[in-house]
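Novice: Residues in the sequence shown are numbered from -12 upward in steps of one, following the numbering used here. Cβ coordinates follow ideal geometry from the N, Cα and C atoms, glycine included. One structure coming up, written as structure tokens, with questions to follow.
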Amino acid sequence: MAVSALSFALVTGCSQGDAKKSGTAAKALSAAELKKRIIAAGEVPGYQVGPVPAARAKPITTDSAPCRPLVRVMSALPPAEAVAKADRLAMENPKKSPSAKPTSLDDLDGKKFEEAMHRSMDRDVTTVTLASYEGNGAEQALASVSAAVKDCGSGFPAQQAGTKVRFTKVAAEKATDTGDGAAAFTATMDSDDGDAAPVHAEVVRLGNTLSVYFTSNLGAMMGKKAYVVSPDVVKAQQAKLK
């Protein structure tokens, strides 16, 4: 399926983007301060946390100006340029098979093999990006995500590393954590075989800092299984910021 059209080496609600509390009085955190506040290895149960691989640093782009905040978020970038940022990759530990593993591939028929493959790839991969802003920059950046979710609901074309893809729709979702303001959405990619390939994102503001979450799960996509932004990752990261 065309979920491979976008490089999943990047493995990328209602909108609640209206500011609840002004962040204008706080000073922007430095990159060093953000690195102290971002999740680290051992801090998210059930997940391996580490640096974002260089192979994932291929941003998604679009010629649709209103939708650019969305593709930035799906590229593990803040929705608008920030004073400083830091990022991490949180990969869910492999799920255990409900039954004993077969001794060889010969023990699997076609359907069971496909199910086993989907299960082995059924793990959330979430990029976490912290971004710090001066003045009301964080509020404005969050508002740009809320506006883009509304403006880009019918989809938009995009590219990554020279490969063209189309997002067929964008829909608001309920944010896991609302902080001082939040926006969450799912973006569905077009696929060659007509299967939906959704990815999920969430942006949460605390003062002058944005937490940007982007989750993909290739196994869930292939198996047509619902998934969301990893709640355990969001919970751990937001707790570390407070």
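Can you grab the Cα-Cα spacing for the pair A174 / S17, in whole Å?
Specialist: Here residue 174 refers to the residue found at position 187 when the sequence shown is read from its first residue. Here residue 17 refers to the residue found at position 30 when the sequence shown is read from its first residue. The alpha-carbon atoms of A174 and S17 are separated by roughly 31 angstroms.
Novice: In or out: N195 buried (at least 16 other Cβ within 10 Å) or exposed?
Specialist: To locate residue 195, count along the sequence shown from 1; it is residue 208. The residue is buried, with at least 16 neighbouring Cβ atoms inside 10 Å.
Novice: Using a Cβ-Cβ cutoff of less than 7 angstroms, which residues in the same chain neighbour F154 once the five nearest sequence positions on both sides are dropped?
Specialist: Sequence index remark: in the sequence shown, residue 154 carries index 167 (1-based). Answer for F154: G142, F143, A145, A174, T175, M176, listed in chain order.
Novice: In whole angstroms, give me the CA-to-CA distance for V190 and V115.
Specialist: Sequence index remark: in the sequence shown, residue 190 carries index 203 (1-based). Sequence index remark: in the sequence shown, residue 115 carries index 128 (1-based). Between V190 and V115, the C-alpha separation is close to 10 angstroms.
Novice: Just grab the DSSP bridge partners of R110 for me.
Specialist: Here the question's residue 110 lines up with position 123 in the sequence shown. None, per the DSSP bridge assignment.
Novice: Closest to G166 by C-alpha separation, out of A77, A226, R59, K72, would be which residue?
Specialist: Numbered from its first residue, the sequence shown carries residue 166 at position 179. For the residues A77, A226, R59, K72, the minimum Cα distance to G166 belongs to A226.
Novice: So, under 8 angstroms CB-CB, V132 and P46 are touching, yes? Tell me the CB distance rounded to an integer number of Å.
Specialist: Indexing the sequence shown from 1 puts residue 132 at position 145. Indexing the sequence shown from 1 puts residue 46 at position 59. 16 angstroms between Cβ atoms; not a contact.
Novice: Would P66 pass as a contact of A128 if the rule is Cβ separation under 8 angstroms?
Specialist: If you number the sequence shown from 1, residue 66 lands on position 79. If you number the sequence shown from 1, residue 128 lands on position 141. The answer is yes: Cβ separation under 8 angstroms.
Novice: Helix, strand or coil for V39, going by three-state DSSP, please let me know.
Specialist: If you number the sequence shown from 1, residue 39 lands on position 52. Looking at V39 - three-state DSSP - the assignment turns out to be coil, as it is neither helix nor strand.
Novice: Are the beta-carbon atoms belonging to V152 and A77 less than 8 angstroms from one another?
Specialist: Numbered from 1 along the sequence shown, position 165 holds the residue referred to as residue 152. Numbered from 1 along the sequence shown, position 90 holds the residue referred to as residue 77. Cβ distance not < 8 angstroms, so V152 and A77 don't count as in contact.
Novice: So, helix, strand or coil for P144, using DSSP?
Specialist: As a working note, residue 144 is residue 157 in the sequence shown. The answer is strand: DSSP assigns P144 an E or B state.
Novice: Please classify L(-3) as buried or exposed, where buried requires at least 16 neighbouring CB atoms within 10 angstroms.
Specialist: Here the question's residue -3 lines up with position 10 in the sequence shown. Because L(-3) sits at a pLDDT of 43, beneath the cut-off of 50, its placement in the model cannot be relied upon, and the following sentence gives the value as read from the coordinates. It counts as buried.
Novice: Across which residues does DSSP place Y34 in a beta bridge pair?
Specialist: One-based indexing of the sequence shown puts residue 34 at position 47. In DSSP, Y34 forms a bridge with E79.
Novice: With a Cβ-Cβ cutoff of 8 angstroms, do A15 and S119 count as a contact?
Specialist: Mapped onto the sequence shown, residue 15 falls at position 28. Mapped onto the sequence shown, residue 119 falls at position 132. It is a contact, given that the beta carbons lie within the stated cut-off.
Novice: I need the DSSP call for D138, collapsed to helix, strand or coil.
Specialist: The count along the sequence shown starts at 1 and reaches residue 138 at position 151. If DSSP states are grouped into helix, strand and coil, D138 belongs with the helices.
Novice: Can you name the start and end residues of the beta strand (DSSP E) that V186 belongs to?
Specialist: Numbered from its first residue, the sequence shown carries residue 186 at position 199. 184 to 193 is the span of the beta strand (DSSP E), which, as asked, contains V186.
Novice: State the CB to CB distance for the pair D109 and G29, rounded to an integer number of angstroms; the pair is presumed to be in contact (CB under 8 angstroms).
Specialist: Counting from 1 along the sequence shown, the entry for residue 109 is found at position 122. Counting from 1 along the sequence shown, the entry for residue 29 is found at position 42. Actually they do not touch by this definition, with Cβ atoms about 23 angstroms apart.
Novice: What is the rounded straight-line gap between the Cα of V157 and the Cα of G122?
Specialist: Position 170 of the sequence shown holds residue 157. Position 135 of the sequence shown holds residue 122. Near 29 angstroms, if we compare the C-alpha coordinates of G122 and V157.
Novice: Excluding sequence positions up to five away, which residues of its chain have a Cβ less than 6 angstroms from the Cβ of S51?
Specialist: What you label residue 51 is simply residue 64 of the sequence shown in a count that begins at 1. Hits under 6 angstroms: F143.
Novice: Report back the beta-carbon spacing between V220 and D164 to the nearest angstrom; my notes put them in contact at under 8 angstroms.
Specialist: Within the sequence shown, the letter at position 233 stands for residue 220. Within the sequence shown, the letter at position 177 stands for residue 164. Contact doesn't hold; Cβ gap of about 11 angstroms is too wide.
Novice: Looking only at its own chain, which residues have a Cβ that is under 7 angstroms from the Cβ of M61, when we skip the five neighbours before and after it?
Specialist: Here the question's residue 61 lines up with position 74 in the sequence shown. Excluding sequence neighbours, M61 sits near T(-1), I47, A174, V186, A188, F201.
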